[in-house]
Amino acid sequence: CKGYRILARRWRGAAGEIDLIAWRCGWLVAVEVKTRPNLTTGLETIQPEQCRRIAASLVQFAAHRRLAPRG
Numbered sequence: 208c209k210g211y212r213i214l215a216r217r218w219r220g221a222a223g224e225i226d227l228i229a230w231r232c233g234w235l236v237a238v239e240v241k242t243r244p245n246l247t248t249g250l251e252t253i254q255p256e257q258c259r260r261i262a263a264s265l266v267q268f269a270a271h272r273r274l275a276p277r278g
């Protein structure tokens with residue numbers, strides 16, 4: 208809806224699963240879907256190890272698709 212193009216849903220790599228992978232304006236984006244009562248509670252549920260796992264999976268996805276993530 209906001210100009211993001213969904214590339215994959217529930218993509219599983221060696222490092223783990225990513226709920227959604229999207230592309231927008233040259234940016235590759237990993238989306239972790241959480242159902243919580245508010246944003247603060249949701250952000251608190253994502254631990255540093257999970258962030259590293261998601262980042263590693265996104266790098267694998269980018270290599271698989273021959274994409275170059277920014278940032």
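Each residue of the sequence shown is one higher than the one before, counting from 208 in the numbering used here. The beta carbon of each residue, even a glycine, is placed where N, CA and C say it ideally should be.
Residue environment: residue 270 is assigned as exposed (fewer than 16 neighbouring CB atoms within 10 Å of its CB, all protein chains considered). In this structure, residue 214 lies near residue 235, with their beta-carbon atoms less than 9 Å apart.
Going by C-alpha positions, residue 254 is about 18 Å away from residue 244. If you draw a straight line from the Cα of residue 211 to the Cα of residue 226, it is about 15 Å long.
Buried is the label assigned to residue 237, since at least 16 other Cβ atoms lie within 10 Å of its Cβ.
Take the alpha-carbon of residue 266 and the one of residue 233: they are about 15 Å apart. When only Cα atoms are considered, residue 268 and residue 220 end up about 7 Å apart.
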